[in-house]
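Visitor: Quick one: the structure is below, questions incoming.
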Amino acid sequence: MDRQLSRPTWSRQIEFTLAGIGCAVGLGNIWRFPYLCYRSGGGAFLVPYLLMLVVLGIPLLHMELTVGQYTRRGPAHALANVCPLLKGVGVASVAISFIMCTYYNVIITWALYYLFNSFQSPLPWQNCNNTWNTPNCTNHATNNSFSSTPSYEFFKYKMLEQTSGLEETGVMRWELFLILLLAWILLYLCIFKGVKSTGKVVYFTALFPYVILIALLINNMQLPGALDGITFFIVPEWDKLLSVEVWVNAAAQIFNSIGIGFGSLLAMASYNSFNNNILKDTLTISLVNSFTSILAGFVIFSAFGYMSHLQGIPISDLAVDGPGLVYVIYPQAFANMPLAQLWAVMFFFMLLCLGLDSEFAMVEVMVTSLMDEFHQHLIKIFKCKELFVLAICGGALLLGIPCVMQVGIYVFQLMDHYTAIVSVMFLAFFEVIAICWSYGVNRLSDNLKEMTGERANIFFRLCWLIVAPVLITVILIFSIIQFKPAHYENYVFPPWAQGIGWIITLASIIWIPLGAIHTLWVLPGSFMQKVKLSITPCTLDEMSKIPYYERGGKDGYPVIAVASSNIHLPEKPPVQTEL
Numbered sequence: 109m110d111r112q113l114s115r116p117t118w119s120r121q122i123e124f125t126l127a128g129i130g131c132a133v134g135l136g137n138i139w140r141f142p143y144l145c146y147r148s149g150g151g152a153f154l155v156p157y158l159l160m161l162v163v164l165g166i167p168l169l170h171m172e173l174t175v176g177q178y179t180r181r182g183p184a185h186a187l188a189n190v191c192p193l194l195k196g197v198g199v200a201s202v203a204i205s206f207i208m209c210t211y212y213n214v215i216i217t218w219a220l221y222y223l224f225n226s227f228q229s230p231l232p233w234q235n236c237n238n239t240w241n242t243p244n245c246t247n248h249a250t251n252n253s254f255s256s257t258p259s260y261e262f263f264k265y266k267m268l269e270q271t272s273g274l275e276e277t278g279v280m281r282w283e284l285f286l287i288l289l290l291a292w293i294l295l296y297l298c299i300f301k302g303v304k305s306t307g308k309v310v311y312f313t314a315l316f317p318y319v320i321l322i323a324l325l326i327n328n329m330q331l332p333g334a335l336d337g338i339t340f341f342i343v344p345e346w347d348k349l350l351s352v353e354v355w356v357n358a359a360a361q362i363f364n365s366i367g368i369g370f371g372s373l374l375a376m377a378s379y380n381s382f383n384n385n386i387l388k389d390t391l392t393i394s395l396v397n398s399f400t401s402i403l404a405g406f407v408i409f410s411a412f413g414y415m416s417h418l419q420g421i422p423i424s425d426l427a428v429d430g431p432g433l434v435y436v437i438y439p440q441a442f443a444n445m446p447l448a449q450l451w452a453v454m455f456f457f458m459l460l461c462l463g464l465d466s467e468f469a470m471v472e473v474m475v476t477s478l479m480d481e482f483h484q485h486l487i488k489i490f491k492c493k494e495l496f497v498l499a500i501c502g503g504a505l506l507l508g509i510p511c512v513m514q515v516g517i518y519v520f521q522l523m524d525h526y527t528a529i530v531s532v533m534f535l536a537f538f539e540v541i542a543i544c545w546s547y548g549v550n551r552l553s554d555n556l557k558e559m560t561g562e563r564a565n566i567f568f569r570l571c572w573l574i575v576a577p578v579l580i581t582v583i584l585i586f587s588i589i590q591f592k593p594a595h596y597e598n599y600v601f602p603p604w605a606q607g608i609g610w611i612i613t614l615a616s617i618i619w620i621p622l623g624a625i626h627t628l629w630v631l632p633g634s635f636m637q638k639v640k641l642s643i644t645p646c647t648l649d650e651m652s653k654i655p656y657y658e659r660g661g662k663d664g665y666p667v668i669a670v671a672s673s674n675i676h677l678p679e680k681p682p683v684q685t686e687l
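Position 121 of the sequence shown, counted from 1, bears residue number 229 in the working numbering, the numbering being contiguous throughout.
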């Protein structure tokens with residue numbers, strides 16, 4: 109495979125490791141894992157979670173990093189080399205990363221909004237004495253469904269100015285739009301020089317959140333009721349392990365948390381030195397990611413125990429997942445702590461760092477893939493890579509505008525539901541088919557030996573060949589069976605909105621069949637010859653080296669071999685001379 113020896117690389121290998129940690133460790137570790145753990149048997153959930161980490165997360169991450177480092181290309185070109193028939197999987201991962209980056213930056217916008225408001229004393233979500241509060245506001249959470257806390261009303265009525273549904277779009281939230289603009293400026297300044305600038309930023313953004321998490325845990329552990337919260341979090345309910353849903357949730361959490369199928373880590377690995385020790389990076393990224401999830405669980409539930417102690421309500425009534433946990437429930441917890449402003453600033457700054465790391469990776473997938481495919485054309489148009497990155501950021505900013513209108517929370521929820529939940533599982537399924545079955549475990553092991561001197565051991569080969577494909581198929585089937593239409597709180601999206609959601613889904617996965625059709629269309633020969641060529645690695649690269657007029661000869665012309673296939677392409681026909 110063409111390894112692009114002139115491709116830029118990370119200044120130091122630790123920069124890739126930190127960037128990989130930053131990509132894998134995101135807001136899902138904070139707001140999703142603790143809730144899943146609580147709902148799925150507490151400490152018992154760690155059994156399927158850690159098992160899935162070993163047999164699914166680590167092998168698939170090792171697979172993606174191997175492909176990225178060996179091909180030295182982004183996901184679109186790498187998958188086209190590995191399995192031309194499924195080249196659309198790479199394009200789909202680029203599409204899904206771009207769609208996600210348009211609304212994911214809105215979460216960073218909210219973090220910045222809360223961060224700026226955290227310098228006030230008292231905190232604006234600390235009491236009900238504000239102009240945006242309703243008569244139903246109460247300073248203490250209750251089981252009454254008609255009452256609401258100050259933090260909930262700040263989120264809904266002050267920051268979002270939320271409308272009643274998609275039918276009522278409302279107006280632009282100019283404060284949020286300006287902060288969204290600031291978020292994209294921050295992101296651009298971090299990535300505009302590619303791996304050279306990103307590699308420096310991740311020293312801070314990947315490491316500093318751990319300082320804050322540990323500080324929050326130390327503080328929370330000194331609060332009354334904290335141990336009750338942690339006990340609630342870790343005490344195992346072994347009977348829950350009899351539920352298939354718990355095992356599927358564990359696999360899905362490992363899968364989504366590490367980011368298999370998004371193409372982000374594959375793109376970043378393409379900037380590694382060719383002989384880098386991939387296994388070391390694989391283990392570091394995956395283990396640190398799981399450690400962070402467990403650490404976040406202790407932080408979150410120690411705070412829940414404190415709130416339960418103060419307000420006299422069960423911890424189970426406080427436990428939620430998603431944005432509500434980090435922007436409603438947890439802010440209410442540290443509003444009652446000593447030095448509330450300090451903990452608020454630290455917490456939202458941590459969310460900013462976690463969000464930026466993940467956003468780096470999503471934008472980098474788009475930039476890397478397009479530069480790989482259209483480098484000369486893009487440089488001719490934009491003159492330099494920095495302006496091209498600026499254009500990508502500007503386009504994503506414009507597409508994110510609906511999320512900062514008063515209807516924005518519904519747009520955000522709709523996009524997240526049909527992108528992060530539906531599309532990713534399809535991508536992962538076809539990615540594993542393309543790499544593990546079509547390209548083959550033996551070829552992948554040979555590539556690994558060429559780079560590091562050692563083939564993959566029997567454990568990785570078995571996971572690639574059997575365990576991972578089977579588990580992903582089970583998760584995909586279970587996700588389809590258990591699929592529920594998008595909703596936000598008590599609002600169920602109308603049928604036309606669900607239709608838009610499916611269009612968002614198709615915007616990414618449609619590239620898989622389109623890519624297959626295009627590959628079969630451009631390859632020569634009979635249908636069976638086309639199929640055989642389409643699963644031969646590097647066929648399309650070899651095709652691109654042959655002038656167009658040499659590809660369409662008629663029967664009887666000499667032939668030349670392509671890649672390692674026994675199928676042949678027509679050679680240039682005899683020149684006809686006019687008399």
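Note that the Cβ used here is the ideal one computed from N, Cα and C, for glycine as well.
Around the C-beta of Phe568, are 16 or more other C-beta atoms found within 10 angstroms, so that it is buried, or is it exposed?
Guide: Position 460 of the sequence shown, counted from the first residue, corresponds to residue 568. The residue in question, Phe568, is buried, as its Cβ has 16 or more Cβ neighbours within 10 Å.
Visitor: Can you tell me whether Val471 is helix, strand or coil according to DSSP?
Guide: Counting from one through the sequence shown, the residue named residue 471 turns up at place 363. Correct three-state label for Val471: helix.
Visitor: Measure the Cβ-Cβ separation of Ile583 and Ala323 and say whether it is below 8 Å.
Guide: Position 475 of the sequence shown, counted from the start, is the residue given in the question as residue 583. Position 215 of the sequence shown, counted from the start, is the residue given in the question as residue 323. Contact: no.
Visitor: In angstroms with no decimal places, state the Cα-to-Cα distance between Tyr86 and Gln484.
Guide: Lying outside 109 to 687, the shown extent of the chain, residue 86 is not represented and no answer is given.
Visitor: Please state whether DSSP places Met415 in a helix, a strand or coil.
Guide: On the sequence shown, position 307 is the one that residue 415 refers to. Residue state, collapsed to three classes: helix.
Visitor: Distance, Cα to Cα, Asp663 vs Gln177?
Guide: The residue you call residue 663 lines up with position 555 of the sequence shown. The residue you call residue 177 lines up with position 69 of the sequence shown. Because the pLDDT at Asp663 is just 40, under 50, the model does not fix this residue reliably, and the value given afterwards should be weighed accordingly. The alpha-carbon atoms of Asp663 and Gln177 are separated by roughly 40 Å.
Visitor: For the alpha helix (DSSP H) that contains Pro439, what are its first and last residues?
Guide: Here residue 439 refers to the residue found at position 331 of the sequence shown. 438–443 is the span of the alpha helix (DSSP H), which, as asked, contains Pro439.
Visitor: Excluding the five sequence neighbours on either side, which residues of its own chain have a C-beta within less than 6 Å of the C-beta of Arg120, listed in chain order?
Guide: Here residue 120 refers to the residue found at position 12 of the sequence shown. So no residue of the chain qualifies.
Visitor: Could you check which residue in Asn384, Leu286, Pro446 has the C-alpha nearest to that of Gly508?
Guide: The count along the sequence shown starts at 1 and reaches residue 508 at position 400. Cα-wise, what sits closest to Gly508 is Leu286.
Visitor: Which first and last residues belong to the alpha helix (DSSP H) in which Val352 is found?
Guide: Here residue 352 refers to the residue found at position 244 of the sequence shown. Per DSSP, Val352 belongs to the alpha helix (DSSP H) from 352–366.
Visitor: Between Thr217 and the rest of its own chain, which residues show a CB-CB distance below 7 Å, the 5 nearest in sequence each way excluded?
Guide: Sequence index remark: in the sequence shown, residue 217 carries index 109 (1-based). Hits under 7 Å: Leu284, Ile287, Leu288, Ala291, Val512.
Visitor: Counting pairs of beta carbons, one from the region 570–584 and one from the region 162–170, are three or more of them closer than 8 Å?
Guide: With the cut-off at 8 Å, the region 570–584 and the region 162–170 touch.
Visitor: Name the residue from Val473, Thr560, Ile580, Leu460 whose alpha carbon lies nearest to the alpha carbon of Phe382.
Guide: Translated into the one-based positions of the sequence shown, residue 382 becomes position 274. Among Val473, Thr560, Ile580, Leu460, the Cα nearest to that of Phe382 is on Thr560.
Visitor: Is Met636 buried or exposed, if buried means 16 or more other CB atoms sit within 10 Å of its CB?
Guide: Stepping through the sequence shown from its first residue, residue 636 is reached at position 528. That one is exposed.
Visitor: Within 10 angstroms of its Cβ, does Thr239 collect 16 or more other Cβ (buried), or is it exposed?
Guide: Here residue 239 refers to the residue found at position 131 when the sequence shown is read from its first residue. Exposed is the call here.
Visitor: Measure from the alpha carbon of Gly130 to the alpha carbon of each residue in Phe534, Ile366, Leu169, Asn565, then state which is nearest.
Guide: Residue mapping note: residue 130 aligns to position 22 of the sequence shown, counting from 1. Selected option, being the one with the closest Cα: Ile366.
Visitor: Could you tell me the distance, in whole angstroms, from the CA atom of Gly432 to the CA atom of Phe262?
Guide: For the purposes of this step, residue 432 is taken as the residue at position 324 of the sequence shown. For the purposes of this step, residue 262 is taken as the residue at position 154 of the sequence shown. Cα to Cα, Gly432 sits roughly 12 Å from Phe262.
Visitor: Excluding the five sequence neighbours on either side, which residues of its own chain have a C-beta within less than 7 Å of the C-beta of Phe456, listed in chain order?
Guide: Here residue 456 corresponds to residue number 348 of the sequence shown, with the count starting at 1. These residues qualify, in order along the chain: Ala219, Tyr222, Leu223, Ser226.
Visitor: Considering only residues of the same chain and omitting the five flanking positions on each side of Pro192, which have a CB-CB separation below 6 Å?
Guide: The count along the sequence shown starts at 1 and reaches residue 192 at position 84. Closer than 6 Å at Cβ, skipping near neighbours: Thr627, Ser642, Thr647, Leu648.
Visitor: Return the CA-CA distance between Ala536 and Phe370, expressed in angstroms with no decimal places.
Guide: Position 428 of the sequence shown, counting from 1, holds the residue named residue 536. Position 262 of the sequence shown, counting from 1, holds the residue named residue 370. Spanning the two alpha carbons is a distance of roughly 8 Å.
Visitor: List the residues that DSSP assigns as beta-bridge partners of Met280.
Guide: Taking the first residue of the sequence shown as position 1, residue 280 is located at position 172. In DSSP, Met280 forms a bridge with Met513.
Visitor: Taking the straight line between their C-alpha atoms, what separation do you get for Gln234 and Val396?
Guide: Numbered from its first residue, the sequence shown carries residue 234 at position 126. Numbered from its first residue, the sequence shown carries residue 396 at position 288. Their Cα atoms are separated by approximately 34 Å.
Visitor: Among Asp336, Val354, Leu187, Ala469, which residue has its Cα nearest to the Cα of Phe141?
Guide: For the purposes of this step, residue 141 is identified with residue 33 of the sequence shown, where counting begins at 1. Of Asp336, Val354, Leu187, Ala469, the residue nearest in Cα terms is Val354.
Visitor: Taking DSSP's pairing of strands, which residues face Val600 in a bridge?
Guide: Taking the first residue of the sequence shown as 1, we reach residue 600 at position 492. Answer is His595, bridged to Val600.
Visitor: Do you know how far the Cα of Ile500 is from the Cα of Leu51?
Guide: Coverage of the chain is limited to positions 109 through 687, which leaves residue 51 absent and any answer about it impossible.
Visitor: Thinking just about the alpha-carbon of each residue, which of Asn327, Gln361, Val407, Tyr296 is nearest to the one in Ser148?
Guide: Here residue 148 refers to the residue found at position 40 of the sequence shown. The shortest C-alpha separation from Ser148 is found at Gln361.
Visitor: Going by the CB atoms, is the gap between Ala404 and Asn241 shorter than 8 Å?
Guide: Here residue 241 corresponds to residue number 133 of the sequence shown, with the count starting at 1. Here residue 404 corresponds to residue number 296 of the sequence shown, with the count starting at 1. Going by C-beta atoms, Asn241 is not nearer than 8 Å to Ala404.
Visitor: Let me confirm a value: Leu350 is counted as buried when at least 16 other C-beta atoms fall within 10 Å, else exposed. Which label applies?
Guide: Taking the sequence shown and counting its residues from 1, one reaches residue 350 at position 242. Burial call: exposed.
Visitor: Please work out which residues of its chain come closer than 8 Å, Cβ to Cβ, to Leu552, disregarding the five sequence neighbours upstream and downstream, and give them in chain order.
Guide: Here residue 552 refers to the residue found at position 444 when the sequence shown is read from its first residue. Excluding positions up to five away in sequence, the list reads Met171, Thr174, Val175, Ile543, Cys544, Ala564, Trp572.
Visitor: With a threshold of 6 Å on Cβ separation, who are the neighbours of Leu268 within its own chain once the five nearest residues in sequence on each side are excluded?
Guide: Here the question's residue 268 lines up with position 160 in the sequence shown. Excluding positions up to five away in sequence, the list reads Ile517.
Visitor: Quick one, which of Ile293, His417, Lys638 has its alpha-carbon nearest Ile338's?
Guide: Position 230 of the sequence shown, counted from the start, is the residue given in the question as residue 338. It is His417.
Visitor: Helix, strand or coil for Cys492 per DSSP?
Guide: Numbered from its first residue, the sequence shown carries residue 492 at position 384. Coil, per DSSP.
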